[in-house]
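Just so you know, we're using my numbering here: the sequence shown kicks off at 121 and counts up by one. All C-beta atoms, glycine included, are put in the ideal place defined by N, C-alpha and C.
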Amino acid sequence: MTDADWRAGFGVIARTDVTLERLDALLRQAANDELAVSEAEARELFAATDKLANAAMRLVAHMTYARHVDMSGAPLQPDDFKADPQGHTGGSLNMVIAFCGYLAANALSGCTRAWTLGQGHSAAAIEAVNALTGDVSPAQQGRYDRSEAGQSALVNDFYSYAITPDGRPAIPLGSHVNPYTAGGLSEGGYLGFASLQYVHMPLPGERLVAFLSDGAFEEQRGSDWAPRWWRAEDCGFATPVMVLNGRRIEQRTQIRQEGGLEWLVRHLELSGFDPIIVDGHDPLSYAWGLLEADARLEAIAGNQPTYPARIPYVVAPCVKGFGFPGAGTNRAHNLPLDGNPAKDSKARDEFNDAVSTLFVASDELEKSIQTLSNHVSQSRPRESRNSLATRQIQSPNLPPLQDTDARVATARCAMDAIDQEFVEIVKINPALRVRVGNPDELRSNHMPLALETLRHRVNAPESGAPEAVDGAIITALNEEAVIAAALGNKGGLNLAVSYEAFAMKMLGALRQEIIFARRQKELGQKPGWISVPLVATSHTWENAKNEQSHQDPTLPEALLGEMSDAARVMFPIDAASAVAALREVYSGHGEIACLITPKGQTPNRLTLEEATLCARTGAIHLAGEPGHAKIQLAAIGAYQTGEAMTASARLAARGAPACVTAILEPGRLRIARDRLESDFVLDDDALKGLFPSGLARVLVTHTRPEPMTGLLRRIDGGPDRLRSLGYISRGGTFDVFGMLFANRCTWAHIIDAAAALLRRPISDFLNSDERDALAGRGDPRVLEFERKEIHSQA
121 MTDADWRAGF GVIARTDVTL ERLDALLRQA ANDELAVSEA EARELFAATD KLANAAMRLV
181 AHMTYARHVD MSGAPLQPDD FKADPQGHTG GSLNMVIAFC GYLAANALSG CTRAWTLGQG
241 HSAAAIEAVN ALTGDVSPAQ QGRYDRSEAG QSALVNDFYS YAITPDGRPA IPLGSHVNPY
301 TAGGLSEGGY LGFASLQYVH MPLPGERLVA FLSDGAFEEQ RGSDWAPRWW RAEDCGFATP
361 VMVLNGRRIE QRTQIRQEGG LEWLVRHLEL SGFDPIIVDG HDPLSYAWGL LEADARLEAI
421 AGNQPTYPAR IPYVVAPCVK GFGFPGAGTN RAHNLPLDGN PAKDSKARDE FNDAVSTLFV
481 ASDELEKSIQ TLSNHVSQSR PRESRNSLAT RQIQSPNLPP LQDTDARVAT ARCAMDAIDQ
541 EFVEIVKINP ALRVRVGNPD ELRSNHMPLA LETLRHRVNA PESGAPEAVD GAIITALNEE
601 AVIAAALGNK GGLNLAVSYE AFAMKMLGAL RQEIIFARRQ KELGQKPGWI SVPLVATSHT
661 WENAKNEQSH QDPTLPEALL GEMSDAARVM FPIDAASAVA ALREVYSGHG EIACLITPKG
721 QTPNRLTLEE ATLCARTGAI HLAGEPGHAK IQLAAIGAYQ TGEAMTASAR LAARGAPACV
781 TAILEPGRLR IARDRLESDF VLDDDALKGL FPSGLARVLV THTRPEPMTG LLRRIDGGPD
841 RLRSLGYISR GGTFDVFGML FANRCTWAHI IDAAAALLRR PISDFLNSDE RDALAGRGDP
901 RVLEFERKEI HSQA
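Below, the structure written as structure tokens:
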């Protein structure tokens, strides 16, 4: 192999003088045994990378437009094209070049890096390269390969919309990265979250390349903070790579409008990054950039770094859709040709001319792929089997129940109990890297032990403050950024704590994780990361002292819309149930669990043993016997449970015995929507043991009543047998009682609903002052006073 075989490039790829100088430096490194390949092998890798990139770009173009791939390179005819072409073509063409550069860097260095793709809609690039190299997922094996039949199957499946009789995708391919994508970690459909997570993803000794888009740069703020969080002592090498093509869907990016590359470099430098500029039209320029980034990170790690360290950031300016007609235009985003080749001869000629430039003969492609596939000789895994994609973390050790029980007994509230248990779990699992996502106010949210033990991660700790350079608490007044720390740390132990109302801002990030993990489970790929609890406290009912912006149960309602075996929503009612819920979450894998937890003091209603059973079944009886009760009060939430207990005492005193059942996890009681959820929910016998048929019920819930009533259809006997109370979107600057009254959820409102179901006059249960308060004519505080009286008598 001579220099002439790679110096000029191949197909649409041409070398700049700067890139040639950099590649010559790599050859010198190879000659000095500073790379994993010899100088001659490096030259062969250079040429092979160019050819693979051209072939994969050609395949991407076919995925958008064609029904057939002709391995001879003959022009396609009208019938060879799709009637309805689809694809995010321009970004995918750019990503082919970037991904081939990533493969070359791995082959040159003898290290298989993990990868994540922020622009998940460019998945066609990954799938095309994987099909050609043969590094496909198990479901794709035998279907997609570099044969003419295999490539044609790939292009036909792409946007085929095929569906199975049971309503699943019928082909192992999607429009975005999904669990079928070999080596994929995240869908990347929610733009901007990869840029928040990548710095938290690799463990020490691991390496990750995060491909980011300038179009998503303005999507989620906080990606600039990576240097605030990275530490050589507990982080792997994470290299961000921005594909700087300057265009979003229908206009220039904000970076381009602000001044382009020069503006971005200044911005990155001010944010603490160390920019490395490469040619985004050349895969070998990317390869050099990744190796250079590693060298700079190694230099930082080896020299007792001070923080913030200047993390290398690879920037690859390029033309969107480079290598194909329509490049640099708004059309490049989806369909770059100005017309459909199936019907338009001009568009057809443009397509055929373009792919002819990208054509690589079969024998040349075969040789190139063999050259790049040096995994066995280097004793390294294939890219699909990278360390992050194959991660399997054992469940953490949990403290003995008797020790936990003793701590629960001394806890002042549910959040205190979670704080104590979490710190104990951290202490007995020293091998697990810990990340706590904290928007603000960890101490006021009753987690002082976690704060003092783990400390805020900062670059320059303030004397006397709970801060440390190696702190495990990622604190920023940015919900998206801090939840990303917990979600990105899939090799460790995580927790996030937030006000319930403001945790809504985390929903997009949570949902991306939930649907990706759930799809993995459907395909038999058990996620290997320890389930992540999000503790939503200072919640709707106890954040009454603030305005209504702080009073919002939308997050649990939204999460209950997801599959309940993957998105768990729990409503602890006391310290024991809060701890039991936390332990239940950490015993699982691949789940996001939202714990709606009071930080105010609430009575201890359960033993730890009872709470542990409740965490597995989803509900528990607290008072009364269902077999002797005339009505059942079902409560979801700590304060709702308290009101139900008060109502039960008054009903019993007036001759209408009631049973009170606390529902910890409503998703356990729903009608299952598929097989996996069916295995998760209670069976009919267990459900009837908790909610006997024919018994009238009043449901009082932390959430709005309508979505919870729909969720609990299995215990709904119809309008004459069930009344539902909950948040009716009323709030303001109130106390807890004021919130309960404003939303018609006090014990008296529960009795009013019960009386209607029992067909008895309300005067049988409430005195005139109480009825006046209920009717809006009297002093609402009468009901608060009577509640205390009822409990003192009980």
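query                                                                                                                                                                                              : result
What do you reckon, are the CB atoms on I870 and E730 nearer than 8 angstroms?                                                                                                                     : no
Taking G757 as the reference, give the member of W350, V556, R824 with the closest Cα.                                                                                                             : R824
Taking just the CA atoms, how far does A686 sit from W383?                                                                                                                                         : 42 angstroms
Using only the alpha-carbon positions, how far apart do D344 and N609 sit?                                                                                                                         : 18 angstroms
If we count the other Cβ atoms within 10 Å of its Cβ and call it buried at 16 or more, is R148 buried or exposed?                                                                                  : exposed
Taking the alpha carbon of P428 as the reference point, which residue from W126, M183, R577 has its own alpha carbon closest?                                                                      : R577
Let me check one thing: in DSSP terms, what residues is H659 bridge-paired to?                                                                                                                     : H659 pairs with nothing; no bridge assigned.
Is the separation between the beta-carbon of D170 and that of W126 shorter than 8 angstroms?                                                                                                       : yes
Please state whether DSSP places D414 in a helix, a strand or coil.                                                                                                                                : helix
Suppose contacts are defined by Cβ-Cβ distances below 8 angstroms. Is K750 in contact with A782 by that definition?                                                                                : no
Please report the residue range of the beta strand (DSSP E) in which R178 lies.                                                                                                                    : Taken as a continuous stretch (DSSP letters only), R178 belongs to no beta strand (DSSP E), being part of the alpha helix (DSSP H) at 159–185.
Give the C-beta separation of A259 and L508 to the nearest angstrom, bearing in mind that I take them to be a contact with Cβ-Cβ under 8 angstroms.                                                : Not confirmed; about 20 angstroms, so no contact.
Could you tell me which uninterrupted beta strand (DSSP E) segments, each at least 3 residues in length, are contained entirely in the segment 777–841, listed from first to last along the chain? : 778–783, 817–821
Could you tell me the boundaries of the beta strand (DSSP E) in which L332 lies?                                                                                                                   : 327–333
Within its chain, find whatever has a CB closer than 6 angstroms to the CB of V256; leave out the 5 residues flanking it on each side and keep chain order.                                        : N250, Y264, A302
Which first and last residues belong to the beta strand (DSSP E) in which W235 is found?                                                                                                           : 234–237
Suppose the cutoff is 6 angstroms on Cβ atoms and the five residues either side in sequence are ignored; what does the same chain contact list for L68 look like?                                  : Limits of the chain in this structure are 121 at one end and 914 at the other, which puts residue 68 out of reach.
Tell me, please, which residues DSSP counts as bridged to Q752.                                                                                                                                    : C779, R817
Comparing C-alpha positions only, which one of V297, I835, Y619, T573 sits nearest to G238?                                                                                                        : V297
Excluding the 5 residues preceding and the 5 following F166 in the sequence, name in chain order all residues of the same chain whose CB lies nearer than 7 angstroms to its CB.                   : W126, L143, L404
Could you check what DSSP says for A604 in three-state terms: helix, strand or coil?                                                                                                               : helix
Do you know offhand how far C714's Cα is from D804's?                                                                                                                                              : 26 angstroms
Using beta-carbon positions only, say whether I594 and G648 come within less than 8 angstroms of one another.                                                                                      : no
CA-CA distance, D402 and L597?                                                                                                                                                                     : 39 angstroms
Should the segment 884–893 be called in touch with the segment 783–794, which here means at least 3 C-beta pairs below 8 angstroms?                                                                : no
Indicate the three-state DSSP secondary structure (helix, strand or coil) for N276 in the structure shown.                                                                                         : helix
With three or more beta-carbon pairs closer than 8 angstroms as the criterion, would you say the segment 322–338 touches the segment 215–233?                                                      : yes
Among the candidates Q671, H182, L627, whose CA atom is the shortest distance from the CA of L654?                                                                                                 : L627
In whole angstroms, give me the CA-to-CA distance for F636 and M683.                                                                                                                               : 12 angstroms
For N558, does the three-state DSSP call read helix, strand or coil?                                                                                                                               : strand
Can you tell me whether DSSP reads I882 as helix, strand or coil?                                                                                                                                  : helix
Leaving aside the five residues before and after V180 along the sequence, list all residues of the same chain whose C-beta is less than 8 angstroms from its C-beta, in chain order.               : G207, T209, S212, L213, V216, A244, A245, A248
So, at 6 angstroms on beta carbons, what are the nonlocal neighbours of T184 in its own chain, with the 5 sequence-adjacent residues on each side left out?                                        : P205, G207, T209
Decide if G379 is buried, meaning its Cβ has at least 16 other Cβ atoms within 10 Å, or exposed.                                                                                                   : exposed
I'd like the span of the alpha helix (DSSP H) that includes N226, first residue to last.                                                                                                           : 209–229
In angstroms with no decimal places, state the Cα-to-Cα distance between E677 and L831.                                                                                                            : 10 angstroms
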